[in-house]
Amino acid sequence: MAETLKERIVNTLIEVRSIPRAEIEAAIAVSKEKKIGLDKALLEKGLISEKDLLVLLVKELHIPFINLSKYKIDPQLKEIIPERIARQYQIVPLSKLQTTITVALADPLNIFAIDDLKSITGADIDVVMGTETDILKAIDSYYGTKSTTSVQDVSKDIDIKDFEVISEQVGFTQEDIHIDEGEQAPIIRMVNLVIKEALKQRASDIHIEPQGDRLRVRYRIDGALIDAMTIPKENRNAIIIRIKIMSRLDITTTRAPQDGRFKMKVGLQEVDFRVSLLPTTFGQKVVMRVLDRKSLSIGLDGLGFSKEAVEILKEASQKPFGMILVTGPTGSGKSTTLYTILNSLNTVDRNIVTVEDPVEYLIEGMTQIQAHHEIGLTFASGLRSILRQSPDIVMVGEIRDNETADIAIKASLTGQLVFSTLHTNDAAGALTRLVDMGVEPFLVASSLVLILAQRLCRKICQHCKEEIEIPEAAFKNFKFKIPAKAKFYHGKGCKMCRQTGYSGRMGITEILEIDDNVRDMIIRGISSDEIKKYAIEQKHMITLWEDAMKKFIAGLTTYEEVMRITSSE
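Be aware that the sequence shown starts at 389, since it is given in my numbering, and climbs by one per residue.
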């Protein structure tokens, strides 16, 4: 059987340097206890000088030195050695030949790293030396920047006291949680780390996904998913249990979807989290939606809407009755807009009741109902019950069927101001959708106050914003007039925006106000295209595309982003 590197080191120290085995074993114990390299332990105990150790490494152990800046690394090795291990032990995988993997280490005497690598990969490990600086640069280049740092490196700086779960499951004892006592604090720190990093990077969602050999953590930032970190497979169950306990979910259920929520106090800030668990091939996937109630207090002006759009929405929301619809695809910010409006209307003299699936933001002073279809509490049945509670303002999470649409519209005609959402591409399309659901055109015409269609558009990062040239030919087919001296910008990409060139999002809107002419057109069955044409030509309605172009010319977003979000226009 081939001699391991650990055995080679020990035997060489005994044979070449005549160091007693007991002294070497004592140095190994110090290395393990203090979590330092064996080289540092040997030097600390005075068993060898730094110069003699270097000679030993190169001459006696035949460990070669490599210049990593000139070495091309095989990208497939990422799957064999995860980033967590690479960063923890400062290792870069270089090549794999049959059952042997060659790695570069800053500390080739780190026998614990080599033992771990052998256990993880099931392969023999061949070692070369590199400088610590070169290895850290190579890891960043190979796996991505330090934003995808390992859990262990960062979690040791997380203080459990900084995170307080306000709503946590009751009824479970310590024995119900299948985590060893010594592991509880690390697991809590690990979950806290995932949450802390998500808040730090302004993530809207946290995805914890079981893979074959690890847990992958991804954040949705500005609408796009990015890799954040990986977690060892052996911690999977403990982490899922921790999140379930925080979310008041049954920890014994693993083969059925579950939904829950919890509130966490991070420092002085309270943040709500909506949790969804889904059984998958490799285990339960967790998605946590980050719901920062503080964002609702910024008002419509803080959502990035144009001044004209804000004024129209504020005026419409002061109507005593009628229906206001917000339309757009999933993830376009419809719920945030509705909650922001409701939050501004939430005064002691108003009875505001909502029926939602799910309830996203919990707002004090409002009555919020969670729909439960399995027990018959649907949007329609919930809405019927709400109307017996003498509400002033009603919010229905989504109009999905004729029954809900019919009740909501009739409620808006009998003294309630009703808010709801629909999935349509533009504002005028909502009219057709309601009629297609079987609602009588005269009821649609009589009830609607306005329809808001919206999208979320990424903003240029202000830290790396720079002026660019766009050829006039790119705008030749546009009806939109581009000012002659307009300047165009994009984000070059920097650390602050994770090299994307974008940071944050803003709302793009299209508002169709329902006047007498539009009502007449609805009753006569005029198509939504004709109604939209009338609104543009006669009412000067600003379309989604025009609003996006205005923000582009104002230097708030890019030409590519305008094309991306308005491609159907």
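The beta-carbon is built from N, C-alpha and C at its ideal position, and this holds for glycine as well. Given the structure is predicted, the values throughout are model-derived calculations rather than measurements.
When we look at the beta-carbon of residue i and count the other beta-carbons within 10 Å, is it buried (16 or more) or exposed?
i: PHE453; result: exposed
i: ASP564; result: The predicted position of ASP564 is uncertain, since its pLDDT is 38 and thus under 50; a value taken from the coordinates is nonetheless stated next. Exposed, by the Cβ-count rule.
i: THR536; result: Residue placement at THR536 is poorly supported in this model, since its pLDDT is 38, which falls under 50; the coordinates still yield a value, given next. Looking at its Cβ environment, which holds 16 or more other Cβ atoms inside 10 Å, THR536 is buried.
i: ASN580; result: buried
i: MET884; result: exposed
i: GLY753; result: exposed
i: GLN486; result: exposed
i: LYS632; result: buried
i: ARG409; result: exposed
i: GLY559; result: Residue confidence for GLY559 is low, a pLDDT of 38 falling below 50, so the modelled location carries little weight; the figure read from the coordinates is stated next. GLY559 is exposed by the Cβ-count criterion.
i: SER507; result: exposed
i: ALA862; result: exposed
i: SER419; result: buried
i: ARG643; result: exposed
i: ASN399; result: exposed
i: SER916; result: buried
i: ILE856; result: exposed
i: SER773; result: exposed
i: ARG577; result: buried
i: ALA612; result: exposed
i: GLY803; result: exposed
i: ILE513; result: buried
i: GLN478; result: buried
i: SER835; result: buried
i: PRO779; result: buried
i: ALA874; result: exposed
i: LYS939; result: buried
i: ASN455; result: exposed
Determine whether the beta carbon atoms of residue i and residue j lie at a separation below 8 Å.
i: VAL837; j: LYS707; result: yes
i: THR640; j: VAL714; result: no
i: ILE627; j: ILE614; result: no
i: GLY492; j: ILE523; result: Reading off the sequence, residue 492 comes out as Ala, not Gly. Yes, they are a contact pair.
i: VAL582; j: ALA526; result: no
i: ARG649; j: SER635; result: yes
i: GLU898; j: ILE700; result: no
i: ALA799; j: LEU771; result: yes
i: GLU748; j: ARG662; result: yes
i: LEU482; j: THR490; result: yes
i: THR931; j: ILE924; result: yes
i: ILE919; j: ALA816; result: yes
i: ARG681; j: ASP660; result: yes
i: ASP593; j: ARG846; result: no
i: ALA759; j: GLU791; result: no
i: ALA616; j: GLU597; result: no
i: GLU854; j: HIS878; result: yes
i: ILE416; j: LEU401; result: no
i: ILE407; j: LEU431; result: no
Using only alpha-carbon positions, find the residue among the options that is nearest to residue i.
i: GLU696; options: SER406, THR945, MET929; result: MET929
i: ASP904; options: TYR922, THR954, GLY892; result: TYR922
i: LYS880; options: THR521, TYR890, GLU413; result: TYR890
i: ILE781; options: ALA417, ASP680, VAL806, GLU925; result: VAL806
i: ARG630; options: LEU822, LEU665, ILE609, ALA586; result: LEU665
i: ILE473; options: ASP601, ILE412, TYR459; result: ASP601
i: ASN958; options: LEU684, GLN758, ALA759; result: Outside the modelled stretch of the chain, which goes from 389 to 957, sits residue 958, for which no answer is possible.
i: ILE729; options: HIS760, LEU691, PHE670; result: LEU691
i: GLN887; options: TYR877, ILE848, LYS875, PHE876; result: ILE848
i: PHE709; options: GLY687, ARG738, THR725; result: ARG738
i: SER705; options: GLN599, GLN589, THR725; result: THR725
i: ALA501; options: PRO574, LYS651, LEU426, ARG776; result: LEU426
The alpha helix (DSSP H) with residue i in it runs from where to where?
i: SER635; result: Looking at the DSSP string, SER635 is not in any alpha helix (DSSP H), and its letter there is neither H nor E.
i: ALA793; result: 790 to 801
i: ASP528; result: 520 to 531
i: GLN926; result: 916 to 926
i: VAL906; result: 904 to 911
i: PHE940; result: 932 to 941
i: MET884; result: Run containing MET884: none; DSSP gives neither H nor E here.
i: ARG472; result: 471 to 477
i: MET783; result: Not the alpha helix (DSSP H): MET783 falls in the beta strand (DSSP E), residues 781 to 784.
i: THR728; result: 722 to 733
Just curious, the beta strand (DSSP E) that residue i is in, first and last residue?
i: GLU901; result: 890 to 901
i: ALA608; result: Here residue 608 turns out to be Arg, not Ala, going by the sequence shown. Per DSSP, ARG608 belongs to the beta strand (DSSP E) from 602 to 609.
Problem - Validate contact between the segment 661 to 675 and the segment 688 to 695 using beta carbons, cut 8 Å, 3 pairs - result: no
Problem - Sufficient close CB pairs (3 or more, under 8 Å) joining the segment 839 to 854 to the segment 711 to 731 - result: yes
Practice task
Determine contact between the segment 739 to 751 and the segment 775 to 795, defined as no fewer than three beta-carbon pairs at a distance below 8 Å.
Solution key: yes
Exercise for the section: Pair every Cβ in the segment 887 to 901 with every Cβ in the segment 939 to 956, then say whether three or more of these pairs are closer than 8 Å. Expected result: yes
Handout entry: Three-pair Cβ contact test at 8 Å for the segment 816 to 835 versus the segment 908 to 920
Key = yes
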